[in-house]
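Per our numbering: the first sequence = residues 9 to 210.
Cβ atoms here follow ideal geometry from the backbone N, Cα and C, with glycine treated the same way.
If you're wondering where the values come from, they're calculated on a predicted model, not measured in any experiment.
The block underneath contains the structure these notes are about, expressed in structure tokens.
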Amino acid sequence: MAGAAPIAAEWLARDPIDVAPVLLGKVLVVGERAVRLVEVEAYAGERDPGSHAWRGVTPRTRVMFGPPGHLYVYRSYGIHWCANVVCERDGVAGAVLLRAGAPLRGIDAMRAARGDVRDRDLCNGPGKLCQALGLDGSFDGADVTGADPRIRLLDDGTSPNDDPVVSTRVGLSRGVDLPWRFHVHGDPNVSRPSGRGGTIVG
DNA sequence: AAGAGGATGGCCT
DNA sequence: GGCCATCCTCTTC
Numbered sequence: 009m010a011g012a013a014p015i016a017a018e019w020l021a022r023d024p025i026d027v028a029p030v031l032l033g034k035v036l037v038v039g040e041r042a043v044r045l046v047e048v049e050a051y052a053g054e055r056d057p058g059s060h061a062w063r064g065v066t067p068r069t070r071v072m073f074g075p076p077g078h079l080y081v082y083r084s085y086g087i088h089w090c091a092n093v094v095c096e097r098d099g100v101a102g103a104v105l106l107r108a109g110a111p112l113r114g115i116d117a118m119r120a121a122r123g124d125v126r127d128r129d130l131c132n133g134p135g136k137l138c139q140a141l142g143l144d145g146s147f148d149g150a151d152v153t154g155a156d157p158r159i160r161l162l163d164d165g166t167s168p169n170d171d172p173v174v175s176t177r178v179g180l181s182r183g184v185d186l187p188w189r190f191h192v193h194g195d196p197n198v199s200r201p202s203g204r205g206g207t208i209v210g
């Protein structure tokens, strides 16, 4: 992990559709636990009918309209937490949903949080990822670029995203045809093999 | 003030 | 593959 550098907020201040595939392989560190991101989805704010930000600012989506480099955490189905990295400049909504990760460190803590499941099932879904890492509503708005001691998003220089797979996003009722899901080809920690139209873009 | 529905996951068959 | 738990947010009346 030597040489790992924090992701800079300026680097995230652009279109989440461009940011998302490059986030594959980056490392999310929460306390003693860490994962390498293997599956993400782009949500393009007010121009994306699938985004929570589609209808404009609300108390829930406020963070997504704020500066890049913060975490947008929301409750899903009243049960799970899901986490996004906010993109675009301050005032413009955009985010990348973190859907799955490969456990790197703190696997015992993840097992304790997730119960008796196979290791590949620890972080293979947005709700599972948050549960494994201990992410909840208290992380909504948290800075992942270094200002918040609890959490950090790092680039450790490895590039397992040489052949990301592009497909449609999962679980939506609007914007279902947009090819804005990206995952690492063949990674066992991906939530599902592919959405519709999965194609490898070397 | 009330109701519908959701960027899911776990357990069932 | 289907069902449903569980609750918050947003929309509408």
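Quick one: what's residue i bridged to in DSSP?
| i | result |
| --- | --- |
| residue 51 | 103 |
| residue 159 | 38 |
| residue 151 | 78 |
| residue 111 | 43 |
| residue 146 | Residue 146 pairs with nothing; no bridge assigned. |
| residue 14 | 162 |
| residue 172 | 192 |
Relative to the C-alpha of residue i, which residue among the options is closest?
| i | options | result |
| --- | --- | --- |
| residue 192 | 31, 88, 148 | 31 |
| residue 184 | 59, 34, 15 | 59 |
| residue 86 | 135, 61, 113, 54 | 135 |
| residue 197 | 161, 111, 16 | 111 |
| residue 104 | 94, 160, 65 | 94 |
| residue 99 | 54, 89, 182, 117 | 54 |
| residue 29 | 179, 119, 181, 175 | 175 |
| residue 180 | 80, 151, 50, 66 | 50 |
| residue 27 | 200, 164, 92, 57 | 92 |
| residue 171 | 63, 194, 66 | 194 |
| residue 113 | 41, 62, 173 | 41 |
| residue 52 | 119, 64, 65, 25 | 25 |
| residue 88 | 73, 21, 107 | 107 |
| residue 199 | 178, 73, 187 | 178 |
| residue 187 | 15, 56, 124, 19 | 56 |
| residue 19 | 126, 75, 115 | 75 |
| residue 84 | 73, 126, 133, 116 | 133 |
Measure the beta-carbon distance from residue i to residue j and round it to whole angstroms, keeping in mind my assumption that it falls under 8 Å.
| i | j | result |
| --- | --- | --- |
| residue 189 | residue 39 | So it is not a contact: roughly 28 Å between Cβ atoms. |
| residue 166 | residue 33 | 6 Å |
| residue 131 | residue 140 | 5 Å |
| residue 35 | residue 137 | Not really, about 13 Å apart at Cβ, beyond 8 Å. |
| residue 17 | residue 77 | 4 Å |
| residue 11 | residue 164 | 7 Å |
| residue 68 | residue 82 | 6 Å |
| residue 37 | residue 160 | 5 Å |
| residue 13 | residue 79 | Incorrect: roughly 19 Å between the Cβ atoms, too far for contact. |
Give, in chain order, every unbroken run of the beta strand (DSSP E) that is at least 3 residues long and sits entirely within the region 28-100. 35-38, 41-51, 79-84, 88-94
### the region 143-156 touching the region 42-55, judged by at least three CB pairs closer than 8 Å
no
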